[in-house]
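Asker: In order, the protein sequence lines correspond to chains Z and B.
Those letters in the first sequence? Residues 1 to 184, per the numbering used here, in order.
Those letters in the second sequence? Residues 1001 to 1425, per the numbering used here, in order.
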Amino acid sequence: MRGALLVLAMALVGCGTRGGIGPRAAAVAAPLVTAGTPDGRALLGDVATKATEAGAGPLSVVAMGETSERERLGAFVEIPEGSCLLGYARASRSVEDLDLAAFSDEGTPVAVDDAPDPHPTLLVCPPHPTRVYLAAVAASGEGLVAVGAQLVPPALAAAVGKGDERAWDARGVESGRGSVAGAR
Amino acid sequence: VSVRGTFTLACVLCVSRGPDASAAQEDLREVAGRVALAWRGAGALVVQKDSRFVTEDETLTVDIRGQGASMADAGDCRRVALVGPRGLSFHVLAALAGDDDVQRVASTAGVVELHGCGTLPETVKLKTDSGRGTLETVVGTSTSGLPAVAAVLLERTGGVLPPPPEPGPLPPLPSPQVRVSAAESREVRAGLVVGPELEWTAGLDGKGGGPLVLTEGCHRFELFAVEPKREPGHFAHLDLDGALRREGGEVIAEDQGSAPDVRLDTCVAGATKVALSFEGAPRGSTVRATHATHDLPLHMPSLWSLDARARAARILLARRVQPLPDDAVFLARGASGHTPLSMPLEPGACYVAVAALERGRSHGVQVHVTLGGRTFHDEQGMKEGAGLVAFCARESTVAEISVDTRASATGWGLAVFRALGGAWP
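1. Does any residue of chain Z have a CB that is nearer than 7 angstroms to the CB of E1026 (chain B)?
2. Taking 7 angstroms as the CB-CB limit, is G1110 (chain B) close to chain Z?
3. Buried or exposed for G1233 (chain B), going by 16 or more other Cβ atoms inside 10 Å?
4. Report the rounded CA-to-CA distance for F1391 (chain B) versus A1253 (chain B), giving the unit in angstroms.
5. State the Cα-Cα distance for the pair G1387 (chain B) and T1215 (chain B), rounded to the nearest angstrom.
6. For the stretch 1137-1145 of chain B and the stretch 1028-1040 of chain B, state whether three or more C-beta atom pairs, one from each stretch, are separated by less than 8 angstroms.
7. Going by DSSP in three states, S1277 (chain B) sits in which element: helix, strand or coil?
8. Can you check the stretch 1094-1170 of chain B for any alpha helix (DSSP H) of at least 4 residues that lies completely inside it and give the ranges in chain order?
9. Residues of chain B with CB under 7 angstroms from D105 (chain Z), in chain order?
10. Count the other C-beta atoms from every protein chain shown that fall within 10 angstroms of the C-beta of A1415 (chain B), then say buried if there are 16 or more, exposed otherwise.
11. Could you please tell me which residues of the stretch 87-99 of chain Z, in chain order, have their CB closer than 9 angstroms to any CB of chain B?
12. Residues of the stretch 1038-1065 of chain B with a CB closer than 8 angstroms to any CB of chain D: list them in chain order, please.
13. Roughly how many whole angstroms lie between the Cα atoms of L1192 (chain B) and T1293 (chain B)?
14. From I1064 (chain B) to A1332 (chain B), what does the alpha carbon distance come to, in whole angstroms?
15. Are there three or more Cβ pairs, one per stretch, closer than 8 angstroms when the stretch 99-108 of chain Z is compared with the stretch 55-62 of chain Z?
16. Within the continuous beta strand (DSSP E) that includes V1329 (chain B), where are the two ends?
17. For the ligand SAH, any of its heavy atoms closer than 6 angstroms to the Cβ of P31 (chain Z)?
18. Measuring CA to CA, which of B:W1412, B:P1260, B:T1272 and B:A1259 is closest to V1251 (chain B)?
19. Would the beta-carbon of H1091 (chain B) fall within 7 angstroms of that of R1104 (chain B)?
20. Using a cut-off of 9 angstroms between C-beta atoms, extract the partners of G1337 (chain B) located in chain Z.
21. Going along the stretch 119-135 of chain Z in order, which residues come within less than 9 angstroms of chain B, judged by CB to CB distance?
22. Tell me, please, which residues DSSP counts as bridged to L1244 (chain B).
23. Less than 7 angstroms between the beta carbons of E1400 (chain B) and T1370 (chain B), yes or no?
24. Could you check if C125 (chain Z) is buried or exposed, using at least 16 other CB atoms within 10 Å of its CB as the buried criterion?
25. Which value, in whole angstroms, describes the spacing of the CA atoms of T1134 (chain B) and L1045 (chain B)?
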């Protein structure tokens, strides 16, 4: 009890001296700043885990950053011959509609998910180009967007696709028939 | 037997693999690699930059420094290949040191080549004109001559087409009076009621206009100005633009095209004060306008806001839908996003479904109707915020309808009208 009173008294003394006359030397240290960017895995982790459980390979964060409406965010992704590519983009809640597309070098859309929802997902299976440009566009809203990709053996592609739909069901989000779309 | 066996094997391959899309797609790294290989073979120091993906109407800065740029000799020559897909059209703007003139180089078959010796720029501006795709950059530095890209990528030479002939100046425009008469005839043929002509005088900056009060209904204004005087050696092109704005400044119709005349179409569901403005007229000239009107379609839902009724009227007239014979047989309202609906149908009947924004703004309103295996859709919507689909039931008894709006805080109304004249095919 005595200790608590002592702490309270010290706190009150601190408050009283704070408004002292004239500038004083800083009583606290400068805030610690750590360089870096937000970790996209936090947005993608749930999907990546579900896909991995269904047989997909490890996650690669393709791109991540703050985007405004109609802004594009993406990168080139290599797809080994004989593999499928699971690509998906997720965003903070401030993004209401997010689209995702995979383009060939020639600019042809190999797969597109432009459904009016914020969880675009696509699966590209052979035959496919050796690399695609995987890009997300915030069709409505702005915020943090992350694009992820995982390789999937073609034999497990169907299972991975269904696993993804189950993930949406579990979250209570409408399981759109197009949630795994554009596999060509 | 041998022929049959071969045929069977071929079909099995078709089913299991499908068309080989990878073979049809050009890998631009390989194309750029051929250039790099040829230049290395000629003794150049070659650097292949990171791939970039460009879309239409995009401007980017491209680094064209060669390998060991800091040690570059003034006597070195540099050759740069910018390689995109064959369908990508772009141009490069480069300024030489000490030269105010900016060189503009347009792509041929998706390729631009730059070369020079001595002090050269480190970056160039690249602007895409049409198409999209990957852009590869190869830079070769050498004291000796390097083969031109066209000599390496023979398939990208673009042929030897002669330059297109200069079409010459545009023919003179008819006088405004003649164009006004033609417009009024056109409006009468479209079922509009032509009102008195309007007239304004353009200011010294070619701008002008005035306030108007639009009565309930649909309105079309067409504006005509005199053609600017032609001077020897020059030909002036008349490009009149115009807009209709509400009192608050909201644009309800505009025409920013490159045609000489202006056409503004809008519908209002009640008396509305607007301001008509134009620009691009010759200074101090008289601008004449036709004003034609059309009544709002009957049987629009009374529950809808005035704006929603006006938007629906606009799309009904724009799509030349016959007058609605009766009230809607199905009404629904919804908000942003995807909304599925279901409505009963009378087999053999035909219907018109109209969706219009009641509040908010959206890039468009999309309407899809599915009848068994048949789908009818309007994915275009209208800038004004309405979508329309016409369909016949045939033997179907239920229609699955969905309405999509792609913006937040929007509200829409859907009305489905039974159309007369439905017939079995």
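Each residue gets a CB set at the ideal place from its N, CA and C atoms; glycine is no exception.
Answerer: In short, the structure shows the following:
1. yes
2. no
3. Confidence at G1233 (chain B) is low in this model, with a pLDDT of 49, below 50, so its placement is unreliable and the value that follows should be read with caution. G1233 (chain B) is exposed by the Cβ-count criterion.
4. 29 angstroms
5. Approximately 24 angstroms, taken between the alpha carbons.
6. yes
7. strand
8. 1149-1152
9. Q1025, E1026, D1027, L1028, P1085, G1133 and T1134
10. When all chains shown are included, A1415 (chain B) counts as buried.
11. E96 and D97
12. Although the question refers to chain D, the structure presented lacks it and instead comprises the protein chains Z and B.
13. When rounded, the separation of the alpha-carbon atoms in L1192 (chain B) and T1293 (chain B) is 5 angstroms.
14. 59 angstroms
15. Contact fails between the stretch 99-108 of chain Z and the stretch 55-62 of chain Z, because fewer than three Cβ pairs, one in each stretch, are under 8 angstroms apart.
16. Premise fails: V1329 (chain B) is in no beta strand (DSSP E) and is neither H nor E.
17. Looking for the ligand SAH in the displayed structure turns up nothing, as the structure carries no ligands at all.
18. B:T1272
19. yes
20. E96, D97, P116 and D117
21. P126, P127, H128, P129, T130, R131, Y133 and A135
22. According to DSSP, L1244 (chain B) bridges with B:A1253 and B:L1276.
23. yes
24. buried
25. 23 angstroms
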